[in-house]
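Numbering (my numbering), first residue to last: 266 to 595.
These notes are about the structure you will find just below.
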């Protein structure tokens with residue numbers, strides 16, 4: 266492992282430990298995400314500032330606010346990183362309200378999308394246009410894949426909206442990549458393939474070449490007995506495919522970094538698990554070569570929200586089943 270990569274991963278591990286000690290009882294999945302946000306700007310975690318952001322978030326939102334749900338820790342982290350944390354929150358909230366207008370239900374995924382737009386566009390006069398483009402892209406996604414597209418794709422739509430690419434070009438590129446990846450039969454999840462096609466569409470290029478690079482990276486990791494996640498984690502491979510680096514070099518560094526992370530507290534079998542660990546290893550490697558890691562933080566956040574919601578749904582189902590069994594036995 267080269268010196269720069271070792272320094273990056275050690276900072277990532279230290280930041281994760283720091284935030285976990287300071288914010289107990291959070292989901293184990295949010296700690297590496299918060300760490301990544303600090304590590305991607307080469308900064309040590311600032312717990313004092315995060316605590317200040319936590320109090321500010323509480324003062325500006327109600328207990329049932331979507332900002333106090335599964336996106337809470339990510340929001341606190343980004344507020345802490347902002348020069349003007351209150352100003353940052355106000356902008357994200359304003360964009361969120363635009364995204365949420367005329368919707369029946371609130372959504373934590375729209376918080377993710379609002380964060381994406383606020384962090385990538387500082388000209389507030391453009392927010393209405395970006396929100397409209399986000400909704401337009403989401404509409405096209407639903408038209409092409411009605412059974413796959415849901416509110417969890419809002420973050421991806423926002424990423425594509427701020428890319429500056431023409432909507433028609435992005436929609437065409439997404440569909441090309443989706444069909445190529447699906448035909449390869451290398452990936453088991455249609456939802457994962459769709460997320461991957463979204464990530465690949467952040468840059469318009471030769472669709473076949475991009476998809477083949479993704480497949481080569483995936484198969485290279487598989488040959489090293491590294492099983493990449495087949496759902497939201499796949500989008501990270503899209504970022505790697507866009508990096509101008511030899512596939513063999515990327516695979517070697519990811520494997521080395523994953524092996525190292527596996528020895529660290531919280532990253533083993535009893536921690537976040539192999540799929541998430543490999544995703545973060547990939548993002549840390551990607552950080553050396555491209556700014557896309559900042560964009561892909563949003564895809565990681567989207568995935569973390571999905572995991573936590575799924576866990577809560579599973580827990581609710583288990584509780585409901587237990588109650589039904591108890592009631593029937595009485």
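C-beta atoms are modelled at their ideal positions from N, C-alpha and C, and glycine is treated no differently.
With contacts defined as CB atoms closer than 9 angstroms, residue 426 and residue 446 fail to qualify as a contacting pair. The C-beta distance from residue 326 to residue 333 rounds to 6 angstroms, short enough to fall under 8 angstroms. Shown here for residue 306: same chain residues with a beta carbon closer than 8 angstroms to its own, the five before and five after excluded, namely 346 in chain order.
Annotation: residue 520 to residue 528 spans about 13 angstroms, alpha carbon to alpha carbon.
Distance from the Cα of residue 523 is smallest, within the candidate group 456, 486, 308, for 486.
Around the Cβ of residue 375, a 10 Å sphere holds 16 or more other Cβ atoms; the residue is buried.
Note on geometry: alpha-carbon atoms of residue 310 and residue 285 lie some 11 angstroms from one another.
Buried is the label assigned to residue 442, since at least 16 other Cβ atoms lie within 10 Å of its Cβ. About 17 angstroms separates the beta carbon of residue 321 from that of residue 302, a gap too long to meet the 8 angstroms contact definition.
Contact annotation: residue 465 and residue 503 have beta-carbon atoms nearer than 9 angstroms. Only residues of its own chain outside the window of five on either side were considered, and among them 443, 446, 447, 452, 499 have a CB closer than 8 angstroms to the CB of residue 458, listed in chain order. Restricting attention to 390, 439, 330, 492, the CA atom closest to the CA of residue 471 is found in 439. Per DSSP, residue 363 is one residue of the alpha helix (DSSP H) stretching across 350-365.
Between the beta-carbon of residue 515 and that of residue 546 there is about 11 angstroms, and that puts the pair past the 8 angstroms contact cut. One alpha carbon belongs to residue 316, the other to residue 361, and they sit about 23 angstroms apart. Where residue 335 is concerned, there is no enclosing alpha helix (DSSP H), because DSSP gives it neither an H nor an E.
Within the model, the alpha-carbon separation for residue 348 versus residue 384 is close to 12 angstroms. Leaving aside the five residues that flank residue 363 on each side, the residues in its chain whose CB is nearer than 7 angstroms to its CB run, in chain order, 392, 393, 396. Comparing alpha-carbon positions, the option among 429, 352, 328 lying closest to residue 467 turns out to be 429. In the structure shown, residue 413 falls within a coil segment according to DSSP collapsed to helix, strand and coil. Just so you know, the alpha carbons of residue 313 and residue 436 end up roughly 43 angstroms apart. Under the three-state reduction of DSSP output, residue 341 falls in the helix class. The straight-line gap separating the alpha-carbon atoms of residue 409 and residue 283 is approximately 43 angstroms. Annotation: residue 373 to residue 359 spans about 14 angstroms, alpha carbon to alpha carbon. Beyond the five residues adjoining it in sequence on each side, residue 405 comes within less than 6 angstroms, by CB distance, of 436 in the same chain, given in chain order. The DSSP-derived three-state label of residue 490 is coil.
Contact between residue 423 and residue 381 holds, with the beta-carbon distance rounding to 4 angstroms and staying under 8 angstroms.
When the beta-carbon positions are compared, residue 481 and residue 554 stay at least 9 angstroms from each other.
Residue 311 sits in coil when the DSSP states are folded into three classes, being neither helix nor strand. Secondary structure at residue 399: helix, using DSSP grouped into helix, strand and coil.
The alpha carbon of residue 450 has as its nearest neighbour, out of 469, 387, 476, 433, the alpha carbon of 476. Taking 9 angstroms as the cut-off, the Cβ atoms of residue 297 and residue 531 count as close. Only residues of its own chain outside the window of five on either side were considered, and among them 426 have a CB closer than 6 angstroms to the CB of residue 398, listed in chain order. A direct Cα-to-Cα measurement between residue 456 and residue 421 gives close to 13 angstroms.
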